[in-house]
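Engineer: In this text, residue positions in the sequence shown follow full-length UniProt numbering: the first is 1, and each later residue adds one.
Even glycine gets a Cβ: it sits at the ideal position worked out from N, Cα and C.
Since the structure is predicted, the reported quantities are computational estimates derived from the model, not experimental observations.
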Amino acid sequence: MIFFLMIARRVEKTCGSLFRIPPTVQFVQTNEINDELKCMIECEDATLDLQFSDGPAARGMERSRNQLLEENRRIARENVDKESQFFELRNRLLQLYHEGKQLKSVVEQLQENIPASNCHPPTLDTIQALLEAAAREAEDESEKIASDFLSSTINTEDFLEKFIGSRKDLHLRRVRAEKAAELMREQNRVPTTNVLPFSRFTSAGVEYQPPSLPNMGPVIGPPIGPVYGSPMPSYGTSQYLPYPTPQSTGGPISMPTPGL
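What follows is the structure, encoded as structure tokens:
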């Protein structure tokens, strides 16, 4: 309206000479304009709200808001319905957590109490004994199943299923026990060495030469014999003592007496 008022005033200035408006009419029009301006100023908020609410964008936003509110209400109802289930599962989780914590402490205590000697893997003797005991247990179980079948305690289908499974376990355990015993015999067996006959010739056809004795200094006593790979001793300038000469004739040899 202010814009229209400014246009009216400009038109009045330009066209005042052509269309002269009486002062009384001008005063009435001015009062009406003032009243409209006052109404617009006082009712500005309501007018703006009306203009925005009537627009297509405002209507679309209103529809989106209503849809979001309905969706939130639906989710809230579902959450309220699942509240009891949530608390039940939470209590179950807390219970399992405490049980797991207790089991962990028990296992740690058992590990501390186990001696160090029991931590080693079992020997073949232990394994064989356990397998034989398990085989006897399976055999007793199969005999019990057979006696139950003969006494009509179980039907044919149950008898076949249980008896075949028990006999299968029995034979498997026996085979494993025999295998463990065989491994034990192989470990306890003394290894034998095959002595090859001595040959003077090597594989290449060359005569074998024994290694020479190391030089250990002067030898006291007569030489034992020729040694392969060592020079023959010279008896002309030998450092060994000579043998005594034998007596040519008869009687016993008298030993010299010291000091005579």
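1. Exposed or buried, which one is Q128 when buried takes at least 16 other CB atoms within 10 Å?
2. One question on the structure: do A146 and R173 come within less than 8 Å of each other, judged by their Cβ atoms?
3. In terms of residue numbering, what span does the alpha helix (DSSP H) encompassing I145 cover?
4. What separation, rounded to the nearest whole angstrom, lies between the Cα atoms of A177 and I164?
5. Compute the Euclidean distance between the alpha carbons of N155 and L130, then round it to the nearest angstrom.
6. Does T30 come out as helix, strand or coil in the three-state DSSP assignment?
7. In angstroms, rounded to a whole number, what distance separates the CA positions of M61 and G55?
8. Using only CA atoms, which one of Q111, N34, S151, Q187 lies nearest to L124?
9. Evaluate S152 with the Cβ neighbour count: other Cβ atoms within 10 Å of its Cβ, from every protein chain shown; 16 or more gives buried, anything less gives exposed.
10. Output needed for F159: all residues of its chain with C-beta closer than 6 Å, excluding positions within five of it in sequence on either side, in chain order.
11. Could you give the residue range of the alpha helix (DSSP H) that holds N66?
12. Going straight from the alpha carbon of S64 to that of R90, what length do you get?
13. In the DSSP assignment, find the alpha helix (DSSP H) that holds residue 261 and state where it starts and stops.
Structural biologist: The structure says:
1. buried
2. Remark: C-beta atoms of A146 and R173 do not approach each other more closely than 8 Å.
3. 124 to 150
4. 20 Å
5. 32 Å
6. helix
7. Cα to Cα, M61 sits roughly 10 Å from G55.
8. Nearest option by C-alpha distance: Q187.
9. exposed
10. Hits under 6 Å: F149.
11. 56 to 81 is the extent of the alpha helix (DSSP H) around N66.
12. Whole-angstrom Cα-Cα distance: 36 Å.
13. Not covered by the structure: residue 261. The range shown for the chain is 1 to 260.
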